[in-house]
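Here the protein sequences line up with chains A and B, keeping their order.
By this note's numbering, the letter at position 252 of the first sequence is numbered 252, and the numbering carries on one by one without gaps.
By this note's numbering, the letter at position 347 of the second sequence is numbered 640, and the numbering carries on one by one without gaps.
We put the beta carbon where it would ideally sit given N, CA and C, even for glycine.
Here's the structure we're looking at; comments come further down.
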Amino acid sequence: MRGRAKKFLAWLFSGKSEKASHLLILPASFWLAFFLIIPIILLLVLSLAQRGPYGTVIWHPTLDNFRRVFTPLYIPIVARTLLYCGTAAVICLLLGYPTAYFLSFYAGEWRDTFLILLMIPFWTSALVSIYSWIIILGRDGLMNSVLTGTGLLRTPLDVLNTPFSVILGLVYFYLPFMILPLYSSLEKIPKQYMEASYDLGAGSFQTFLKVTLPLSLPGVFAGFILTFVPCLGDFLTAEFLGGPRTYLIGNLIENQFLMAQDWPFGAALTAVLLGAMLVGLYYYQKLEAAEIA
Amino acid sequence: MPGMTRRDFLKIAILAGAAPSLLAGCAGSEDKHEVNFFNWSTYIDKDTLPRFSLETGIVVNYSVFSDEEEMFAKLRSGALGYDLIVATDYMIPRLKALNLIDPYPTGTLKNTGNIDPKFRNTPYDPNNAYTVPYLWGTTGIGFNKKHISKRPASWWDLWDPKYKGKISMLDNARDCVGIALLMKGYPQTTESDAAFKAAEQLLISQKPILKQYSSSTYVDSLINGEVYLAMAWSGDVIQAARENPELDYVIPKEGSYIWVDNMCLVKGSRHRADTLRLVDYLIEGKVAAEIANFVRYGSPNAAAKPYLDKSLLDDPRVFPPSSVLKKLQFYAILPPDLAQTWIDTWSDVKAA
C-alpha cells in the first residue's frame with residue numbers, strides 16, 4: 001500500500017505526465033469554475049432581467065439595464081471614479097517607487113523586516129483600518145489634536161468626508177500592491193548592469209535614469225494596474241471616508257443591491273465595469289508583450 | 294480580476310461581519326436555546342438581554358443595522374439565521390409580500406394585552422398578525438447648541454448656506470424624499486412625476502452644503518462638532534443629550550413623520566419558541582419601560598407607562614403635545630410601484 005502511494009506521488013510530481021498535470025490543476029479549476037466563472041455567468045444573465053415589484057427579479061430578457069448604464073446621469077460618477085483612482089495610483093507610484101528602491105538597494109539585512117512591516121496593515125480588517133482613519137482624520141481626531149495642540153493651526157481642519165480623505169484611504173489600502181511589483185522588478189535587475197554603467201563613466205543619477213528606471217518599467221506598469229484596477233471597484237472607502245459628493249462606481253453598484261433593490265441594473269453596471277477592466281488588461285498585456293519583444 | 298475578488302470579498306465581509314451570529318445560527322441545532330436578534334443600532338437597554346439570558350438560559354445573539362434597506366437586502370438574499378427583526382411600519386407590507394416574515398401563532402404571547410390599542414389594528418398590519426410594536430419615534434432636526442445661536446425651527450434650516458459643510462442628512466429614501474415632498478407641499482401619497490422631480494431637485498440642491506448622509510454616526514458628528522445640524526431620529530439625539538447637554542432635538546414647524554418599529558418573526562427561523570419567549574419578555578411593562586427609558590423613544594406599551602421616567606413622560610420631544618402631534622403623519626402604506634418611485638428618486642439623488 002505504501003509503495004503504491006509513494007509511486008503515485010512520484011508520478012504526480014514528476015512534472016512529466018500530462019495526466020498528472022490535469023490532476024494538479026483540478027482544485028484550482030473547480031475553484032475558478034464555482035467562484036468566478038459561474039458567478040459571472042449568473043451576473044450576465046441577471047443583467048438581462050427586469051426588476052419587478054418590491055425589487056424582485058423578472059426573467060424577461062431586455063437590454064434596458066445596459067441602456068441605462070450609458071445615460072448622462074452616471075457620466076460624472078465615471079469621471080470622478082477615474083479621476084480618484086488615477087490620482088490614487090499616481091500617488092502610490094510616487095510614494096512606492098522610492099520605497100521599493102530603498103528596499104532593493106539600501107535595506108540590506110533589514111529588508112525582510114521592512115517587507116513584513118509593509119504587509120502588516122494589509123492583514124488588518126479593512127473596516128478596522130477605515131474606522132482608524134475616521135478617528136485620525138476627524139475634527140476631534142488625532143491629526144487635528146496634534147495640529148491645534150502644537151499651535152500650527154488655530155481651527156481644526158475638516159478633512160473627513162472630502163475627496164482628500166477618500167483618495168488618502170485608497171492610497172493607504174493599495175500602496176502595498178504598488179510597492180511589491182516595483183520591488184520585485186528592481187530586485188531582478190542584475191547589479192552588473194549598473195556596474196557597467198558606472199565603468200562607462202555614468203554618474204549615479206544618470207545610471208538610474210538610463211538603466212534602472214527603464215528596466216523597472218514593467219514593475220511600474222504592473223503596480224499601476226494592480227492599484228488602479230481594484231480602486232475602480234472600491235466602495236468601502238468612499239462610503240466611510242467620503243461625503244455626499246464622493247460617490248464612486250462601486251457605491252453606485254453597491255446601492256443597486258443594498259438600497260435600490262435593483263439587482264438587474266446592479267448586475268449590468270458590474271458587467272460593464274468588468275468588461276472595461278478586461279479590455280484594459282488585454283491592452284496592457286499586449287503592451288507588455290511588445291515591451292519585452 | 295483583482296477588482297472583482299476584492300469587492301466580493303469585502304461585500305461578504307460586510308454581510309457576514311455585521312452578523313457574527315449567522316454562523317452560529319447555521320450551525321446551531323433546534324435543541325440549543327438561542328435567539329438571533331437583528332435590531333437597529335442603539336435601540337435597547339444594555340442590561341435587558343443579559344438579564345433575559347440569565348433568567349431563561351436562552352442566549353441572544355444580538356446584531357445591529359443602521360440602514361433598513363440593507364437589513365431588507367440581507368433578509369432577501371437569504372441571510373439565514375436571523376430569528377427576530379425590528380422593522381419600521383412601511384417595511385411590513387414588503388416583508389409580507391416577499392414572504393420573509395411569519396405571522397405570530399395565535400395565543401402564543403401572553404403580554405400582547407399590554408400594547409396600547411392605538412398601536413393595534415394598524416394599516417400596515419390590520420389583524421395584528423405579523424407585528425408586535427417595539428418603539429415609536431419621530432424624524433426631526435438634531436442640533437448642537439454650542440455651535441448655532443438660533444434654534445432651528447424649519448426644515449429649510451437644513452438648506453441654509455450659512456451652515457455649509459455642517460449639515461447631515463439621514464441616509465434613506467423614506468425620510469429624505471418624504472421630507473422633501475412635504476417641504477414642496479405635496480401629499481405623501483402623491484403619484485405625480487412633477488412632485489418627485491421637485492423633491493429630487495430640492496435634495497440635490499442641498500448637496501453642495503451637505504457634510505454627509507448618515508443614519509448611524511451622525512450623533513457622534515453632532516457631539517464633536519463635525520456637524521451642527523442633522524436630520525435625526527428623536528431618541529438617537531435625546532439619548533445622547535443626557536451626556537451631552539448641548540444637544541437638542543426639534544420637530545420643524547412644517548411637520549414631520551411619526552413611525553412605529555415592530556418586532557417580526559423571520560421566516561424559516563429555527564428558534565421559534567425561544568423567540569416568542571423573548572418577544573413576550575420585551576413587552577412586559579417593566580422591561581418595555583426600561584428600554585424606553587434608556588433609548589428615549591416613545592413606548593407603545595400601555596403597561597410600561599407607570600414605570601417610565603418622569604423626565605421621559607414630560608419630554609415634549611418624546612411625547613409631543615397635541616399642537617405638534619397634529620402636524621405629524623404616519624408613513625402611508627404605498628403600493629409597490631410608488632414605493633419604488635421613492636427609492637429611485639433617492640437613488641438618483643445619491644448618484645447626482
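Going along the chain, which residues of the stretch 498 to 532 of chain B sit with their C-beta nearer than 7 Å to a C-beta in chain A?
Per Cβ criterion, the list reads Lys500, Leu503, Lys504, Gln505, Tyr506, Asn517, Gly518 and Glu519.
On a CA-only basis, which of A:Tyr284, A:Leu269, A:Met277 and A:Met259 is nearest B:Lys367? Give me that one, please.
A:Met259
Near A:Gly355, which residues of its chain fall below 8 Å by C-beta distance, leaving aside the five closest residues on each side in sequence?
Past the edges of chain A, shown from 1 to 293, lies residue 355 of chain A, and the structure says nothing about it.
Helix, strand or coil for A:Met311? Go by DSSP, reduced to three states.
Outside the shown range of chain A, which is 1 to 293, sits residue 311 of chain A, and nothing can be said about it.
How about B:Thr240 and B:Leu575: do their beta carbons lie closer than 9 Å?
Since the displayed chain B opens at 294 and closes at 645, residue 240 of chain B lies outside it and no answer follows.
Only counting the same chain, and skipping five residues up and downstream in sequence, which positions put a Cβ closer than 7 Å to that of B:Asn586?
Leu601, Asp602 and Leu605
Is there a C-beta anywhere in chain A that falls below 9 Å from the one on B:Phe331?
no
Within its chain, find whatever has a CB closer than 8 Å to the CB of A:Ala126; leave out the 5 residues flanking it on each side and keep chain order.
Phe173 and Leu236
Close-in-space but distant-in-sequence residues of the same chain around B:Val476 (CB under 6 Å, 5 per side omitted):
The amino acid at residue 476 of chain B is misidentified as Val; the sequence shows Met. Trp448.
Using the C-alpha atoms, what's the distance from B:Tyr521 back to B:Arg570?
42 Å
Where does A:Ser21 sit, in a helix, a strand or coil, going by DSSP?
helix
Would you say A:Phe13 reaches chain B, if we count a Cβ-Cβ gap shorter than 9 Å as a contact?
no
Using a Cβ cut-off of 9 Å (strictly closer), state whether B:Gly318 contacts chain A.
For B:Gly318, the predicted structure reports a pLDDT of 43, less than 50, and the residue's modelled location is therefore unreliable. A value from the coordinates is still provided. It does not; no Cβ of chain A falls within 9 Å.
Alpha helix (DSSP H) segment containing B:Asp486, residue limits:
Asp486 to Gln499
Comparing alpha-carbon positions, which option in B:Leu373, B:Ser334, B:Ser359 and B:Glu361 lies nearest B:His564?
B:Leu373
In whole angstroms, give me the CA-to-CA distance for B:Phe345 and B:Ile351.
It is roughly 7 Å from the alpha-carbon of B:Phe345 to the alpha-carbon of B:Ile351.
Is it true that the CB of A:Leu147 sits closer than 9 Å to the CB of A:Gly96?
no
Could you check if B:Asn420 is buried or exposed, using at least 16 other CB atoms within 10 Å of its CB as the buried criterion?
exposed
If I measure Cβ to Cβ from B:Ile516 and keep anything under 8 Å in the same chain, skipping five residues before and after, which residues do I get?
Within the same chain, and ignoring the five residues on either side of B:Ile516 in sequence, the residues whose Cβ sits closer than 8 Å to its Cβ are Asn437, Ala533, Asn537 and Leu540.
With B:Gly435 and B:Val530 assumed to form a contact (beta carbons below 8 Å), what rounded beta-carbon distance in angstroms separates them?
4 Å
Report the three-state DSSP secondary structure of A:Gln261 (helix, strand or coil).
coil
Within-9 Å CB hit, A:Tyr101 to chain B
no
Can you list, in chain order, the residues of its chain with a C-beta nearer than 6 Å to that of A:Ala238? Leave out the 5 residues immediately preceding and following it.
Val166, Thr246, Leu248 and Asn251
If you check the beta carbons only, do A:Cys92 and A:Phe30 fall under 9 Å apart?
No, the pair does not count as a contact, with Cβ atoms beyond the cut-off.
Could you pull the start and end residues of the alpha helix (DSSP H) that B:Asn329 belongs to?
Residue range Glu327 to Trp333 is occupied by the beta strand (DSSP E) that includes B:Asn329, with no alpha helix (DSSP H) assigned at that position.
Assign A:Gly15 to one of three DSSP states: helix, strand, or coil.
coil
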